[in-house]
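So the number in the working numbering is just where the residue sits in the sequence shown, counting from 1, plus 5.
Everything on this sheet refers to the single structure shown next.
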Amino acid sequence: MLVLLVEDNRLLAKNIIHYLELKGIECDYAESIMQAESAVFSRIFDAIILDLNLPDGDGLEACKRWKDQCVISPVIMLTARSGLQDKLSGFEVGADDYLIKPFAMPELVARLKVIAERRPAPKLLKIGELEFDFAGHRVHRLGEELLLSRTGWKILSLLARRSPETVEREEVERLLWPDCLPDSDSLRSHIHLLRKIVDKPYKHHYLHTVRGIGLCLKVAACEA
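The following block contains the structure:
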């Protein structure tokens with residue numbers, strides 16, 4: 006089982022990770038929503054353990070955004086908020102379970118196993134000639150697999166989840182470099198390589214730049 010823990014309390018996070026690993030559960034870690042999104046949009050986890058009070062935002066809002074963008078990894082919300090309305094708010098934004106601090110580690114493991122077992126089968130997404138397999142981190146065009154780098158997959162899968170909307174350049178950069186943004190040419194270079202793989206060999210183009218805003222993935226050219 007592969008789990009993503011999103012928790013800004015490093016001592017608690019260390020204890021959770023240690024216990025999960027003792028139980029044979031692999032654990033990725035993020036201490037902010039920004040760090041978490043780099044992982045959430047690039048791979049599928051068996052479960053996400055999400056604290057609600059994070060330094061850069063509310064876990065409820067993050068969960069809703071992820072679910073709205075077709076993230077299928079189940080979410081356990083981890084919080085000290087114990088009121089009924091707090092729990093209902095969590096379920097309304099797409100949480101699969103709700104665990105109140107303080108909690109027993111064996112209970113967390115039991116809940117992880119339950120929601121991982123009932124996780125829905127990953128869906129394929131088709132956009133024109135493109136077919137995305139988010140579980141396998143693969144994309145095909147007209148039946149031929151496009152060989153993407155890890156960075157290329159992150160960019161293309163984000164655009165696919167949001168298609169046909171335009172994704173702002175700053176959001177793409179935060180996904181790729183959550184801790185330290187590079188110079189302005191870095192993203193441009195990745196997009197150039199991505200176009201050569203996704204569009205250049207084919208008649209119709211799917212990757213479009215919306216000048217002054219960002220990028221979109223759709224059949225017809227986007228209008229700014």
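We put the CB at the ideal spot given by N, CA and C, even for glycine.
Query, Result
"Which listed residue (ILE132, ILE49, ARG146 and VAL8) has its alpha carbon closest to that of VAL76", "ILE49"
"Where the alpha helix (DSSP H) through PHE96 begins and ends", "89-97"
"Where PRO107 falls, given that 16 or more other Cβ within 10 Å makes a residue buried", "exposed"
"Buried/exposed call for PRO60, threshold 16 Cβ in 10 Å", "exposed"
"Beta carbon of ILE54 nearer than 8 Å to that of VAL98", "no"
"Run of the beta strand (DSSP E) containing ALA35, from where it starts to where it stops", "31-35"
"Three-way DSSP call (helix, strand, coil) for MET110 in this model", "helix"
"Per DSSP, the bridge partner or partners of CYS221", "HIS213"
"Cβ neighbour criterion (16 or more within 10 Å) applied to TYR207", "exposed"
"CB of LEU180 within 8 Å of CB of GLU42, strictly", "yes"
"Alpha-carbon to alpha-carbon, LEU93 and TRP182", "34 Å"
"Secondary structure of GLY133, DSSP reduced to three states", "coil"
"Distance, ARG216 Cα to ILE30 Cα", "44 Å"
"Same chain only: Cβ atoms within 7 Å of LEU129, ignoring 5 sequence neighbours per side", "GLU136, PHE137 and ASP138"
"Of the residues ASP51, ALA44 and GLY64, the one placed nearest ASP13, counting alpha carbons only", "GLY64"
"Same chain, Cβ closer than 6 Å to TYR103, neighbours up to 5 away in sequence not counted", "MET82, LYS92 and GLY95"
"Pair within 8 Å by beta-carbon distance, ILE105 and GLU173", "no"
"Buried versus exposed call for ARG116 [16 or more other C-beta atoms within 10 Å across all chains shown]", "buried"
"Endpoints, alpha helix (DSSP H) assigned at ARG155", "155-167"
"C-alpha gap between CYS227 and ARG15, whole angstroms", "In this predicted model, CYS227 has a pLDDT of only 45, less than 50, meaning its place in the structure is not dependable; the value taken from the coordinates is given anyway. Answer to the nearest angstrom: the Cα atoms are 43 Å apart."
"Beta-carbon proximity list for VAL6, same chain, < 8 Å, skipping 5 on both sides", "Looking at the sequence shown, residue 6 is not Val but Met. Here the set comprises GLY29, ILE30, GLU31, ASP51, ALA52, LEU117, LYS118 and ALA121."
"Extent of the continuous beta strand (DSSP E) run through ARG146", "143-146"
"Alpha-carbon to alpha-carbon, ALA109 and LYS131", "42 Å"
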